[in-house]
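Down below is the structure, laid out as structure tokens.
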Amino acid sequence: MPAFEGQNLACTRAGRRIFAALEFTVPEGGALILLGANGSGKSSLLRMLAGLLAPAGGALHWDGKAVEDDPEAFQDNICYIGHGNAIKAVLTVHENLAFWSKLYPPTASEGLEELLDRALETFSLTSLRDVPGRQLSSGQSRRLALARLVTSPARIWLLDEPSVGLDDVSLKRLETAIAEQRAEGGIVIAATHTPLDIPDAGLLQLQNFAPPAFDPEMLENSW
Amino acid sequence: MGTGSIIARDLKLALRQRSDAAMIVLFFVLTAALFPFGVGPEANQLATIAPGVIWVTALLAVLLSLERLFLADYEDGSLELMALSPVPLEFTVLAKVLAHWMTTGLPLIAAAPLIAILFNMPVDALPVLALAMLLGTPTLSLIGAIGAALTLGARRGGVLVPLLVLPLYIPTLIFGVSAVDAALLGFPVRPHLLLLAGILLISLVVSPLAGAAALRQANE
Numbered sequence: 001m002p003a004f005e006g007q008n009l010a011c012t013r014a015g016r017r018i019f020a021a022l023e024f025t026v027p028e029g030g031a032l033i034l035l036g037a038n039g040s041g042k043s044s045l046l047r048m049l050a051g052l053l054a055p056a057g058g059a060l061h062w063d064g065k066a067v068e069d070d071p072e073a074f075q076d077n078i079c080y081i082g083h084g085n086a087i088k089a090v091l092t093v094h095e096n097l098a099f100w101s102k103l104y105p106p107t108a109s110e111g112l113e114e115l116l117d118r119a120l121e122t123f124s125l126t127s128l129r130d131v132p133g134r135q136l137s138s139g140q141s142r143r144l145a146l147a148r149l150v151t152s153p154a155r156i157w158l159l160d161e162p163s164v165g166l167d168d169v170s171l172k173r174l175e176t177a178i179a180e181q182r183a184e185g186g187i188v189i190a191a192t193h194t195p196l197d198i199p200d201a202g203l204l205q206l207q208n209f210a211p212p213a214f215d216p217e218m219l220e221n222s223w
Numbered sequence: 224m225g226t227g228s229i230i231a232r233d234l235k236l237a238l239r240q241r242s243d244a245a246m247i248v249l250f251f252v253l254t255a256a257l258f259p260f261g262v263g264p265e266a267n268q269l270a271t272i273a274p275g276v277i278w279v280t281a282l283l284a285v286l287l288s289l290e291r292l293f294l295a296d297y298e299d300g301s302l303e304l305m306a307l308s309p310v311p312l313e314f315t316v317l318a319k320v321l322a323h324w325m326t327t328g329l330p331l332i333a334a335a336p337l338i339a340i341l342f343n344m345p346v347d348a349l350p351v352l353a354l355a356m357l358l359g360t361p362t363l364s365l366i367g368a369i370g371a372a373l374t375l376g377a378r379r380g381g382v383l384v385p386l387l388v389l390p391l392y393i394p395t396l397i398f399g400v401s402a403v404d405a406a407l408l409g410f411p412v413r414p415h416l417l418l419l420a421g422i423l424l425i426s427l428v429v430s431p432l433a434g435a436a437a438l439r440q441a442n443e
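For the record, the sequence lines run as chains A and B. The letter at position 172 of the first sequence is residue 172 when you use our numbering, and the numbering goes up by one with no holes. The number in our numbering is simply the position in the second sequence, starting from 1, with 223 added.
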């Protein structure tokens, strides 16, 4: 059974230890919600899982294999929604989404155009299809970024504050999309401050892995 | 296929923001047009300095355009997504450099004869000038991409890029000018063009590797 595991993970940013000895396991169809105050390392952990940030220690395992053995093969399993929405102001909603789905070739049997239409429909962007990116509100931009989830063939979704700026209807649609992904055996890992209704999701409190406020080793290194 | 869609996207972006590319060409022509006011309108003197003026201003124009190569994609998160995509980051760099050259290098080559005529440069040297620029300007984009990638996330990146990149532009400048000079004086131009081609081939290999490494660093 494919599962996504992190063992003894550590993260250091600009010489400062953010978290250490972090462990998690997400089974197939599972979900994990990252909790913690601002700066506790939620985004760093997600970037680490996506492969953008090298761990300062520890290892990741996917499907029983160490990720570092073949990072590129592992990245095909990832759909990462970060803080940036990656939307170009001069491209239309449809063009923006079409570019990203061409870059991450979908495996679905349906044609690209049908897939794009379905993705736009999922986050009620169909009426905005030909609107240039610069005219989108922040919530609409977020929805367009989330629409990439539908076109992506990835098994693991990494969501960094996915619900920022979303209205109630869009929030429900996001929750439905997450439930569908999990029903197909996918994995969802999300960092969020707003309540996101994901049934029986694991919770990971990042504060529990923060280094002690007074760290003799760090003090020694600073001499 | 992924690489092709990156080129198509960057060309489409440049086409919708035409004023950016137009500004670069305008800078090129206007800066070169200032020289006759500075050095005086003596026709023979202008013809002598023409190759140097064209190359130096072209080089500065490319330098001005480097910022838009990665910065916008870095700021809106696109660069992270490109790094995570199945397209190797090296090919992404190459695709973006190619699109950059097509939207700055090619227009500069097209505008160069205008300046050459303005400077009273003999028309027989124009084909060599075009050929030298055709071999030299891709190198400028390639080397510039390394500088642009390295300075992402740095404060005052715009000031750092010239410091990093200009020294590396000097070989292209030297052989680009000497090719045109050779044509004007009736010497063989082939060796100069071959050297330009050699520099291009080296940067074609080094730039994607170094650029991709710098982008990975910037994405951390």
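All residues carry an ideal CB built from backbone N, CA and C; glycine is no exception. If you're wondering where the values come from, they're calculated on a predicted model, not measured in any experiment.
Straight across, the Cα-Cα distance linking isoleucine 187(A) with aspartate 63(A) is about 12 Å. The shortest CA-to-CA distance from alanine 371(B) to any of Pro336(B), Ile332(B), Ala355(B), Val320(B) is the one to Val320(B). With respect to isoleucine 81(A), leucine 146(A) sits close: the two C-beta atoms are nearer than 8 Å.
Against chain A, the CB of proline 309(B) has a partner CB under 8 Å away; the residue lies at that interface.
Per the coordinates, the alpha-carbon of proline 385(B) lies some 16 Å from the alpha-carbon of glycine 434(B). Counting the other Cβ atoms within 10 Å of the Cβ of lysine 172(A) gives fewer than 16, which makes it exposed. Annotation: Cβ neighbours of glycine 300(B) in chain A (cutoff 7 Å, chain order): Gly82, His83, Gly84, Asn85, Ala86. Here phenylalanine 342(B) is actually not in contact with leucine 287(B); their C-beta atoms are around 21 Å apart, not less than 8 Å. For leucine 289(B), the secondary structure class from DSSP, reduced to helix, strand or coil, is coil. Rounded to whole angstroms, the gap between the alpha carbons of asparagine 38(A) and isoleucine 332(B) is 51 Å.
Leucine 317(B) and serine 228(B) have their C-alpha atoms roughly 13 Å apart.
In this structure, the straight-line span from the alpha carbon of alanine 306(B) to that of arginine 47(A) is close to 12 Å. Our two residues, proline 212(A) and phenylalanine 24(A), have alpha carbons roughly 20 Å apart in a direct line.
An exposed status is given to arginine 378(B), since fewer than 16 other beta-carbon atoms sit within 10 Å of its beta-carbon.
The closest CA to that of valine 150(A), considering only Ser163(A), Pro71(A), Ala119(A), Gly111(A), is found on Ala119(A). About 6 Å separates the beta carbon of arginine 142(A) from that of valine 164(A), a gap short enough to meet the 8 Å contact definition.
Isoleucine 189(A) carries a strand assignment under DSSP once its states are collapsed to helix, strand and coil. If you look at tyrosine 392(B), you'll find it in the alpha helix (DSSP H) that goes 380–408. At a beta-carbon threshold of 7 Å, the residues of chain B lying near glutamine 75(A) are Leu307, ordered along the chain. In this structure, the beta-carbon distance from alanine 89(A) to serine 301(B) does not fall below 8 Å.
Residue contact with chain B for tryptophan 100(A): present (Cβ-Cβ distance below 8 Å to some residue of chain B). Assignment of valine 93(A) by DSSP, reduced to helix, strand and coil, places it in the helix class. When DSSP states are grouped into helix, strand and coil, arginine 16(A) belongs to the strand group. The alpha-carbon of glutamate 298(B) is positioned some 43 Å away from that of alanine 348(B).
At a beta-carbon threshold of 7 Å, the residues of chain B lying near valine 90(A) are Leu236, Arg239, Gln240, ordered along the chain. Bounds of the beta strand (DSSP E) holding glutamine 205(A) are 202–205. Identification of chain B residues near isoleucine 78(A) by a Cβ-Cβ cut-off of 8 Å yields Leu307, ordered along the chain.
Leucine 352(B) and asparagine 267(B) have their C-alpha atoms spaced approximately 18 Å apart. Taking the Cβ atoms as the reference, leucine 158(A) lies roughly 6 Å from leucine 49(A), within the contact range of under 8 Å.
At least one CB atom of chain B sits nearer than 8 Å to the CB of leucine 103(A). By the C-beta criterion, the segment 256–274 of chain B is judged not to be in contact with the segment 232–241 of chain B, since fewer than 3 inter-stretch pairs fall below 8 Å. Interface annotation, alanine 179(A): not in contact with chain B, CB-CB separation never under 8 Å. Secondary structure remark: continuous alpha helix (DSSP H) runs of at least 4 residues inside the segment 63–122 of chain A, in chain order: 71–75, 93–103, 112–122.
The alpha-carbon of phenylalanine 4(A) is positioned some 31 Å away from that of leucine 432(B). In the three-state reduction of the DSSP assignment, valine 131(A) falls in the coil class. In the structure shown, glutamate 265(B) adopts coil according to DSSP, grouped into three states.
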